[in-house]
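Novice: Numbering (my numbering), first residue to last: 1278 to 2199. Quick reminder that beta carbons are idealized off the backbone N, C-alpha and C, glycines included.
Right, here's the structure in full:
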């Protein structure tokens, strides 16, 4: 539908609203899909008119359009279901469950099962996550808060939530917008003749300033599963949302660009006048015109480009400019680009439609012209040239940048027509030919890229972002020392950046290979990065409690029980610990003024959480528990936790701590557990006898058994992108398994440093890219390319971190690696380079009393799922601490700068090495 038709719909909507045609207004809103009336939607939702709510929504989106739409319909149908249960209308609840909610079982079967289980309860508030469900009215209000956030974030509703600003009765005004109107009917044409028979002139149409649209809404956040993450810990917890949660959807206001117009046009816009012969004509000004005036008045301030002023410069005036036309040369069509020869200043190259390219001697009547011998150019009238230029030596005419996305070279010697052609793949806007010392060309395009080309057909050799990420104009200094890049999206120059001899944009003298100009211009860095670069780098050392923030979990310290495993909940609101005694404990952070988001933080002490039934999550522990290996895994929706401690594997419900089922009766005992990332019913179980069992919980059977290790399994990690399972064992082996066939692909034996025995646990974890793999052993940290099964880097304990490694994990964004050591130190490494950037000493987070009585150090470390600079550690004395940087720093140290391959200032003494020793592949 055209923009005029769209505007007409808005005018009709205004008319219907003013005439009190309430039902017609909303039907037109729904059928046109131009305006979503949030007020009407809220009214129907609060009134519980669910059929009308879904019918109105259907004009704008469907259930399966995107994840936001799916969540919107789910919330509505869930509320309808709960209200039926609250009325004890079981028949209606079952109907809603089968007819409306069944569609979501395809995407989240576990959640659908939990919803179904509510039918078995006398009062669904007995469910822990729904215990705070109030009356129907308050529940609907809470639901609406969530729905509004989802609607605002949904791209299908973009530009549909606001009604344009219109003067009252705009449609009537538009119809009567004539001098001396006397309109009796709208079914026939109405004509009006101005006095004295003069024809009314066409009104002057002023340009309407574009209304700034909101930028792309921020996603609800990274998550696993078909729905955006809920505010509470589990999927059911997402049903109870704070009535006033902080909105995660932010709109950024796009400032209008400054407009540059000639002074005479400005005066016309400031004082629009009706032609004198248009007697009685009414000038209907809109708010858009007023806004345009304000923009024009504010556009006088423009960023100025400052250039160095030469020490000696001749004084010129307007009187010195030539005023006499020396010669006129006719080309038969408009000339689009010209350039003088670099040495023969009377030789001019020009481009016009009539002649593809011609050269002419200026100030004479002689024109030497030739056509390019390229039929595609001659015959294709759609080709347009923006600029041509001579090469520095004058032998080549460079350019012919066309809308066919190419760039061409024409050899000019003796006016031959030998054309060299190479494709640029973008719509060119400007070219710049470097001086004769460096035989290459710069080009720009509307995609904001600047490229450097050699005189060949091998593609661009340098590709980097232009200032402002838009098309640019480039200039080159006369002495060849530097170039200037001028960014411009209007007739006003907005930015000039100069490239000098030392810039990486300036290529080295050698041009025979790609390496010679492979370095691109560095992207602009922010002020913080510049200041960090300027300071000599030093390892950040956190030695005092005031240098960081830490909080200890209450009721967690038990000197007789070590913290064997530690996990954050996937929602980030809690932390789960498994002790060496087989007991699991859960701590949760609640919403408060200090912590409105309810996420894990050091600013608030969490609550040791347990259900109202008083149950504990206790595993089956054998008599010789000292030899037991605790293991734990959490489902992706935080609904279930699976754990073992030398005995059977227990599956706990996280809402009530009840044991759902037990399996894998020893011997052999389970030593590591991992949920399949795409199916919570499939579990990989590492065993004490070195096997791996792929177990299906639903049918209670072992699908397959993997054999390849020599000792117990100590680590498991799935990669969905590579379709592999990586296992590690106490035998220092890392094995790669195909998850489609469960066949062994390859194995790698970790080579410990000289004098170290290959014993102890080996842990594995995938980078967020699902390709790079972190391998942690007490003797080293190593990064592997899992696709190639090759080691990329290795770090071995040294200097201030010389004791064995107890555990290591990636941060949530995979930019950092947190490693703990048996002396209590914590190292923070850059994940890509394995360079140490920060050391957290035990004195910064362990109390003096604890450290004096015994050697206390972290056995395990966990990274927060959303906060990359937050980590949790489980200590040998049974205590659990969450640690964050100080309020002033907000991050763990500064990345080690690298300059020409060497580190600046103090180094980590060869902290990271690339493949220092070959490894045994099988």
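Would you mind sorting residue 1786 into buried or exposed? The rule is 16 or more other CB atoms within 10 Å of its CB.
Specialist: Because the pLDDT at residue 1786 is just 40, under 50, the model does not fix this residue reliably, and the point stays unresolved.
Novice: Do you know offhand how far residue 2170's Cα is from residue 2096's?
Specialist: 15 Å
Novice: For a test of the three-state rule: what should DSSP assign to residue 1998, helix, strand or coil?
Specialist: Note: residue 1998 maps to coil in three-state DSSP.
Novice: For the alpha helix (DSSP H) containing residue 1368, list its first residue and its last residue.
Specialist: 1367 to 1373
Novice: Could you spell out where the beta strand (DSSP E) holding residue 1862 opens and where it closes?
Specialist: Bounds of the beta strand (DSSP E) holding residue 1862 are 1860 to 1865.
Novice: Just to confirm before moving on: does the CB-CB distance between residue 1349 and residue 1424 stay below 8 Å?
Specialist: yes
Novice: Starting from residue 1989 and walking both ways along the alpha helix (DSSP H), at which residues does that stretch end?
Specialist: It is not in any alpha helix (DSSP H) - residue 1989 carries neither H nor E in the DSSP assignment.
Novice: Per DSSP, which residues does residue 1978 bridge with? Please list them.
Specialist: 1973
Novice: To the nearest whole angstrom, what separates the beta carbons of residue 1291 and residue 1438, a pair I think is in contact under 8 Å?
Specialist: Actually they do not touch by this definition, with Cβ atoms about 17 Å apart.
Novice: Restricting to Cα atoms, I'd like to know which of 1829, 1908, 1855, 1934 is closest to residue 1884.
Specialist: If you compare the alpha carbons of 1829, 1908, 1855, 1934 with that of residue 1884, the shortest gap goes to 1829.
Novice: Check this for me: beta carbons of residue 1959 and residue 1969, under 8 Å apart or not?
Specialist: no
Novice: So is residue 1937 buried or exposed if we call it buried at 16+ other beta carbons inside 10 Å?
Specialist: exposed
Novice: According to DSSP, residue 2140 sits in a beta bridge with which residue or residues?
Specialist: When beta bridges are read from the DSSP output, residue 2140 appears opposite 2148.
Novice: Using a Cβ distance threshold of 8 Å, determine whether the stretch 1850 to 1866 contacts the stretch 1911 to 1925, with at least three qualifying pairs required.
Specialist: yes
Novice: Are there three or more Cβ pairs, one per stretch, closer than 8 Å when the stretch 1365 to 1380 is compared with the stretch 1410 to 1418?
Specialist: no
Novice: Rounded to a whole number of angstroms, what is the C-alpha to C-alpha distance between residue 1906 and residue 1355?
Specialist: 42 Å
Novice: DSSP three-state label for residue 1614, please.
Specialist: strand
Novice: Take residue 1305 and list the residues in its own chain whose beta-carbon comes closer than 8 Å to its own, dropping the five residues that flank it on each side.
Specialist: Excluding positions up to five away in sequence, the list reads 1286, 1289, 1290, 1293.
Novice: In or out: residue 2015 buried (at least 16 other Cβ within 10 Å) or exposed?
Specialist: exposed
Novice: Determine the burial state of residue 1296: buried for a count of at least 16 other Cβ atoms within 10 Å of its Cβ, exposed for fewer.
Specialist: Taking every protein chain shown into account, the CB of residue 1296 has fewer than 16 other CB atoms within 10 angstroms, so this residue is exposed.
Novice: When you compare only the Cα positions, how much space is there between residue 1916 and residue 2017?
Specialist: Per the coordinates, the alpha-carbon of residue 1916 lies some 27 Å from the alpha-carbon of residue 2017.
Novice: Exposed or buried, which one is residue 1324 when buried takes at least 16 other CB atoms within 10 Å?
Specialist: exposed
Novice: Kindly give me the distance between the Cβ atoms of residue 2007 and residue 2038, rounded to whole angstroms, as I take these residues to be in contact under 8 Å.
Specialist: 6 Å
Novice: With distance defined between alpha-carbon atoms, name the residue in 1352, 1363, 1825 nearest to residue 2161.
Specialist: The residue with the shortest Cα to Cα distance from residue 2161 is 1825.
Novice: Pick from 1334, 1298, 1441: whose alpha carbon is nearest that of residue 1283?
Specialist: 1441
Novice: For the beta strand (DSSP E) holding residue 2023, just list the boundary residues, first then last.
Specialist: 2021 to 2026
Novice: According to DSSP, what are the bridge partners of residue 2119?
Specialist: Answer is none; residue 2119 lacks a bridge partner.
Novice: According to DSSP, residue 1911 sits in a beta bridge with which residue or residues?
Specialist: 1918
Novice: Mind reading off the beta-carbon distance from residue 2116 to residue 2107? Whole number of angstroms is fine, and I expect it under 8 Å.
Specialist: With a Cβ gap of about 14 Å, residue 2116 and residue 2107 do not count as contacting.
Novice: How far does the alpha helix (DSSP H) with residue 1425 in it extend, from its first residue to its last?
Specialist: 1413 to 1430
Novice: Looking at residue 2073 and residue 2057, is the spacing between their C-beta atoms short of 8 Å?
Specialist: yes
Novice: Let me know if residue 2062 comes out buried or exposed under the rule of 16 or more other beta-carbons within 10 Å of its beta-carbon.
Specialist: exposed
Novice: Report yes if the CB atom of residue 2010 is closer than 8 Å to the CB atom of residue 2024, and no otherwise.
Specialist: Contact: yes.
Novice: Roughly how many angstroms separate the alpha carbons of residue 2069 and residue 1923, rounded to a whole number?
Specialist: 36 Å
Novice: Relative to the C-alpha of residue 2021, which residue among 2031, 2036, 2034, 2003 is closest?
Specialist: Taking each of 2031, 2036, 2034, 2003 in turn and checking the Cα distance to residue 2021, the smallest one comes out for 2003.
Novice: What are the boundary residues of the alpha helix (DSSP H) that residue 1361 is part of?
Specialist: 1344 to 1363
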